[in-house]
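Engineer: Just dropping this structure here.
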Amino acid sequence: MKKILESSLFKMTAFLGIMFLIVLIFSKKLLYILNANPSFNFLIICVFVIGVIRLFSHVRRLAPEKKWLEKFISSRKNNGFRPTLLAPVFEMLKGHEGKSKPYIASTTLQSMLDIIDSRLCDDKNMAKYFVNVLIFLGLLGTFFGLMQTIQSISGVINNLSINVADFSLMFETLKNDLASPLGGMAQKKNCLL
Numbered sequence: 339m340k341k342i343l344e345s346s347l348f349k350m351t352a353f354l355g356i357m358f359l360i361v362l363i364f365s366k367k368l369l370y371i372l373n374a375n376p377s378f379n380f381l382i383i384c385v386f387v388i389g390v391i392r393l394f395s396h397v398r399r400l401a402p403e404k405k406w407l408e409k410f411i412s413s414r415k416n417n418g419f420r421p422t423l424l425a426p427v428f429e430m431l432k433g434h435e436g437k438s439k440p441y442i443a444s445t446t447l448q449s450m451l452d453i454i455d456s457r458l459c460d461d462k463n464m465a466k467y468f469v470n471v472l473i474f475l476g477l478l479g480t481f482f483g484l485m486q487t488i489q490s491i492s493g494v495i496n497n498l499s500i501n502v503a504d505f506s507l508m509f510e511t512l513k514n515d516l517a518s519p520l521g522g523m524a525q526k527k528n529c530l531l
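In terms of the numbering used here, the sequence shown opens at residue 339 and continues consecutively.
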C-alpha cells in the first residue's frame with residue numbers, strides 16, 4: 339500500500355511538473371491568451387490550484403491511516419492516533435485492543451469495507467466535481483467571449499454606410515473593421531483550453 343501511495347504521489351507530481359514545463363515553454367503565448375479574459379482565466383486557475391491541493395491532501399491523508407492500521411494489526415494497541423477515513427474500523431477494533439485474535443463477523447467486516455469504499459468514492463467524486471467545474475468555467479468564459487465578439491460585429495455592421503459611392507472603399511472599411519473582432523474570437527476561446 340505504501341508503494342501504491344508513493345507511486346500515486348509520484349505520478350501526480352510528475353504530471354504537474356510536465357504541466358509546469360509546458361507553461362514555461364509557452365509562457366509568452368499563454369500570457370497573451372490569459373490576458374484576453376483575465377477574470378475568467380484567474381478564476382479557472384484558482385479552481386485548478388484549489389483542486390490540486392485538495393487532491394494531494396486526500397492522497398497524503400491515506401498514509402497515516404494505513405500506518406495506524408498496520409501498527410494496530412501488529413501490536414493490537416492503539417497509539418493514540420484517531421483515523422478519520424478508517425473511523426468505523428477504529429470503533430470496531432477499539433473493543434478488541436490487546437486481544438490476540440479479534441473476532442469480527444464477515445457481515446460487519448463487509449459493512450465496514452462498504453463505508454470505507456463510499457468515503458473513498460466521495461474523494462473520487464470531489465475530483466470529478468473539480469474537473470466539471472473547470473469545464474463549466476471554460477465554457478462560460480468562451481460563451482462570454484463569443485457574446486462580446488458578436489456584439490462588436492453587430493456594431494461594425496450597424497456603422498456600415500451604404501450611401502458610399504465607392505463600394506471598394508466600403509468593403510475595405512468593412513474588412514478592416516471586422517478584422518479586430520474576428521481576430522479576437524480565437525483569443526476569446528482560450529478559456530475553453
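Virtual Cβ for every residue (Gly too), placed ideally from N, Cα, C. Model, not experiment: these values are computed from the prediction.
Between the Cα of Phe428 and the Cα atoms of Ser444, Phe353, Phe410 and Thr445, which residue gives the shortest distance?
Structural biologist: Looking at the Cα atoms, Phe410 is the closest of the given residues.
Engineer: Could you check if Phe348 is buried or exposed, using at least 16 other CB atoms within 10 Å of its CB as the buried criterion?
Structural biologist: The residue in question, Phe348, is exposed, as its Cβ has fewer than 16 Cβ neighbours within 10 Å.
Engineer: Figure out for me which residue from Ile383, Ile495 and Gly483 has the closest Cα to the Cα of Leu472.
Structural biologist: Selected option, being the one with the closest Cα: Ile383.
Engineer: Decide yes or no for the touch test of the region 472-488 against the region 368-377: beta carbon pairs closer than 8 Å, at least 3 of them.
Structural biologist: Result yes; three or more Cβ-Cβ pairs closer than 8 Å.
Engineer: Looking only at its own chain, which residues have a Cβ that is under 7 Å from the Cβ of Asn470, when we skip the five neighbours before and after it?
Structural biologist: Cβ neighbours of Asn470 beyond the five flanking positions: none.
Engineer: May I ask you to report which of helix, strand or coil DSSP gives Arg457?
Structural biologist: In the structure shown, Arg457 sits in a helix (DSSP, three-state: H, G or I).
Engineer: Tell me the rounded alpha-carbon separation between Leu343 and Phe394.
Structural biologist: Each residue's Cα considered, the two are about 11 Å apart.
Engineer: Buried or exposed: Glu403, going by 16 or more other Cβ atoms within 10 Å of its Cβ?
Structural biologist: So Glu403 ends up on the buried side.
Engineer: Candidates Leu498, Ile500, Lys341 and Asn501: which alpha carbon is nearest Lys405's?
Structural biologist: Answer by Cα proximity: Lys341.
Engineer: Taking the Cβ atom as the reference point for each residue, do Met430 and Thr446 lie within a distance shorter than 8 Å?
Structural biologist: It is a contact, given that the beta carbons lie within the stated cut-off.
Engineer: Count Cβ pairs between the region 510-517 and the region 492-499 that sit closer than 8 Å; are there 3 or more?
Structural biologist: Short answer: they touch.
Engineer: Between which two residues does the alpha helix (DSSP H) harbouring Pro402 extend?
Structural biologist: Its alpha helix (DSSP H) spans residues Pro376 to Ser413.
Engineer: Counting C-beta neighbours from all protein chains within 10 Å, is the total for Asn379 16 or more, i.e. buried, or is it exposed?
Structural biologist: By the 10 Å Cβ count, Asn379 comes out buried.
Engineer: Do you know how far the Cα of Phe474 is from the Cα of Phe481?
Structural biologist: For Phe481 and Phe474, the distance between alpha carbons rounds to 11 Å.
Engineer: For Ile500, name the three-state secondary structure that DSSP assigns.
Structural biologist: Coil.
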